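For reference, the structure discussed in these notes is given below.
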Amino acid sequence: MKTRPNVILILADDMGYSDLGCFGSEINTPNLDSLANNGLRFSQMYNSARCCPSRAALLTGLNPQQTGVGHMVNDMGLPAYQGYLNKNCATIAEVLKENGYTTLMSGKWHVGGSYNLLDQNSWQPGNQGHPTPTQRGFDQFYGIVAGAANFFHPRTLMENETLIDIDPPDFYLTDAISENAVSMIAKASTTDNPFFLHVAYTAPHWPLHALEEDIAKYQGNYSAGWDSLRQNRHEEQKGMGIVDNKWDISPRDASSRPWEEAEDKEWEDLRMAVYAAMIDRMDQGIGKILTKLEELGEDKNTVIMFLSDNGGCAEFLAEDTNRPDPSQFSSPTRDGRSMTVGNRKDLEPGTDTTFMSYDLAWANASNTPFRRFKRWTHEGGISTPFILKWPEKITKPSIIDEATHIIDISATIYEAANATYPSEINGNFTKPLEGRSFMQAIETDSWERKEPIYWEHEGSKAMRHGEWKLVSEVGHNWELYNMLEDRTELFDLIDGESDRVGKMLNSYKKWMDRCEVQNWPLPGHLWNPEMIAPHAHRSSA
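Add 274 to a position in the sequence shown, counting from 1, and you land on the number used in the working numbering.
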């Protein structure tokens, strides 16, 4: 009989703060809502602003730079930015495996170096610069090792160490991730060992690919536009207590048109409908996972956690994708039809012959009520819904408002599993955990994170300590906000808080030095950030 809990850690990709029903959305997410209604919602959980850094931090409990994934998966010539997990960090899978767990993963890896999608013969999964999940502690892996993927025809699909072809004509990546997770649970339940399962969906990351029956549920639902959607979601959030009534919604992003000035409104409605359908399908898959747990009698003794790797994504996919090798996304469909990349209004989003994104204005709605997007360190880029269900410990639903960070999750899992964090893995010393367990919040509904939280990504920086947040968008000055009074970051208080700012900046500099965080751009790398005027209203009050 298992005396320690199973753990299922579910990660969405590029999903905004307000995109779940239990966080204010109109999107149908009954299974995730059920988890929230029978567990805990953390209203101030933070990620690390972008895919790879968040995944590295989640899996190790360290800051991304400490793992070697300080930016993305390209090797930028410095140890903190080598683009793959280094040997001095321990993944959750490695730690739990040493502590008697079966370790399983279904979904997206993306912390194991870069792959040239145009030249599969050059791939070397498993070599030093391309560690695979099974090399970093997972007993079994099914999924993709690179980043964005075609949902109907992904090109980096692997099972354990082997690249695999796609057989079913109705293949859809979200379903495949869910179905393999279900199979893994069924197999793991036949042993006496508890299991750790990491389910890392690629939904709802671009491209906009969804199934017709799911799109049909939402087409027409967004004809009132993004401005109305933001207001409606904000009202829902206030009503359910996810955001404070005194936090005004941030203004529509300066790069977004008012809805009444938008062109091709039917096409815009369809783009958002496809995005919603992708989340809906992910929730359906999570429902299958929950059903399997119940069938096997494993549901009561399983900790389930859900979050997103960053905020909603404002990236626009031009017809040439603004990449030096656009054809990596424009490969033909499985039956030989041509693929068209780009947000072209003469084409239909959602199908297997198009490759689009939902773009900035809808991402602004996804991140309601906050400012900015994936890749930024303002709240819209780093805030994620976080849900935790554990029937043996949580007897009534609650909302936890204390600031928590993605690096705290592994420490919490270790405490829940009564697992010892090792001083070394495979003969290499392991860096001490940066995260702090929030088990107390699970047991008592209260917890206080005493240590500051730090961020840096592509020159956007931030630090939160208690109620105060210091943040700087790349190319702009520092701003200071009181998170208790103004979490939507509308009133910059930096002019009246010179002593506080000085102390926080000193702490931030020490963190940069300790974690080998570099100023942006890194030496030898060119960077031309788009400079967008700040949204904050300065105030000395």
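Where a beta carbon is used, it is the ideal one built from N, C-alpha and C, also for glycine. None of the values given here were measured: they were computed from a predicted structure.
For residue i, tell me which candidate among the options has the shortest Cα-Cα distance.
i	options	result
Asn641	Gly421, Gly387, Gln505 and Ser396	Gln505
Ile366	Met319, Asn280 and Gly701	Asn280
Lys520	Phe765, Glu771 and Asp773	Phe765
Leu570	Gly624, Ala462 and Tyr496	Ala462
Ala685	Leu333, Glu622 and Val419	Leu333
His750	Leu758, Asp773 and Gly733	Gly733
Gly244	Leu503, Lys735, Asp626 and Ser530	Nothing in the structure corresponds to residue 244, since the chain is present only between 275 and 815.
Trp721	Thr465, Arg710 and Tyr549	Arg710
Pro835	Ala422, Met613 and Glu435	One cannot answer for residue 835 here, as it falls past the ends of the chain, which runs 275 to 815.
Met379	Gly701, Ala474, Gln398 and Val775	Ala474
Val456	Gly290, Asp501 and Lys566	Lys566
Glu771	Leu754, Asn702, Met786 and Ser497	Leu754
Arg324	His384, Arg761, Thr625 and Asn362	His384
Asn348	Arg507, Leu471, Cys326 and Ile687	Cys326
Leu370	Ile282, Gln402 and Leu352	Ile282
His479	Met350, Asp439 and Gly421	Gly421
Lys512	Thr718, Val343 and Pro643	Pro643
Gly624	Asn312, Leu336 and Val548	Val548
Asn395	Phe415, Ala690 and Leu437	Leu437
Tyr816	Pro671, Leu482 and Leu581	What is shown of the chain runs 275 to 815, which leaves residue 816 out entirely.
Asn617	Ser605, Phe590 and Phe603	Phe590
Lys382	Gly400, Val419, Gly335 and Pro399	Val419
Asp760	Pro399, Pro706, Trp541 and Asp522	Asp522
Met713	Asp287, Lys663, Gly344 and His731	Lys663
Which residue marks the beginning of the alpha helix (DSSP H) containing residue i, and which one marks its end?
i	result
Asn506	Gly499 to Met514
Thr334	Cys325 to Thr334
Tyr492	Glu486 to Tyr492
Lys562	Lys539 to Leu570
Ser781	Ser772 to Arg788
Ile687	Asp682 to Ala690
Met379	Counting along the chain, Met379 falls outside any alpha helix (DSSP H), though it belongs to the beta strand (DSSP E) covering Thr376 to Lys382.
Met713	Met713 to Thr718
Leu309	Pro304 to Asn311
Ile366	Ile366 to Glu372
Asp633	Asp633 to Ser640
Thr341	Pro338 to Thr341
Within the continuous beta strand (DSSP E) that includes residue i, where are the two ends?
i	result
Thr576	Thr576 to Ser582
Pro659	Ser657 to Lys663
Asn751	Premise fails: Asn751 is in no beta strand (DSSP E) and is neither H nor E.
Phe319	The sequence shown places Met at residue 319, rather than the Phe named in the question. That run of the beta strand (DSSP E) goes Leu314 to Tyr320.
Glu730	Ile727 to His731
Leu285	Asn280 to Ala286
Leu471	Phe469 to Ala474
Ile673	Ser672 to Ile674
Gln414	Gln414 to Ile418
Ser734	Ser734 to His739
Below 8 Å on the Cβ atoms is my contact criterion, and I expect residue i with residue j to pass it. Report the Cβ-Cβ distance as a whole number of Å.
i	j	result
Gly494	Asp543	6 Å
Lys562	Ser452	5 Å
Trp752	Leu758	The pair is not a contact, with the Cβ atoms about 19 Å apart (cut-off 8 Å).
Thr465	Asp413	No, Thr465 and Asp413 are not in contact; Cβ-Cβ is about 11 Å, not under 8 Å.
Leu306	Ile560	6 Å
Asn362	Thr704	6 Å
Asp573	Pro468	Not quite, the Cβ-Cβ distance comes to about 14 Å (not below 8 Å), so this is no contact.
Met289	Pro481	About 15 Å; that fails the 8 Å criterion.
Met737	Met778	6 Å
Trp636	Ser322	Wrong, their Cβ atoms sit about 23 Å apart, outside the cutoff.
Ile661	Ala310	5 Å
Worksheet item: Below 8 Å, can you find three or more Cβ-Cβ pairs linking the region 418-433 to the region 443-459?
Response: yes
Discussion item. With three or more C-beta pairs closer than 8 Å as the rule, is the region 660-680 touching the region 540-559?
Written reply: No, they do not touch.
Fill in: Inter-stretch contact (C-beta, 8 Å, three-pair minimum) for the region 646-653 and the region 578-592
yes
Worksheet item: Counting Cβ pairs closer than 8 Å, one from the region 314-324 and one from the region 353-362, do we hit at least three?
Response: no
Worksheet item: Taking one C-beta from the region 765-776 and one from the region 789-797 each time, how about it: are there three or more such pairs within less than 8 Å?
Response: Segments in contact, no.
Discussion item. Whether or not the region 297-308 and the region 506-517 are in contact is what I'm after, with contact meaning three or more pairs of Cβ atoms, one per stretch, closer than 8 Å; do they touch?
Written reply: Cβ pair count under 8 Å is three or more, so yes.
Worksheet item: Are at least three pairs of beta-carbons, each pair with one atom in the region 483-494 and one in the region 608-615, less than 8 Å apart?
Response: no
Discussion item. Could you tell me which whole beta strand (DSSP E) segments of length 3 or greater appear in the region 426-460?
Written reply: 431-433
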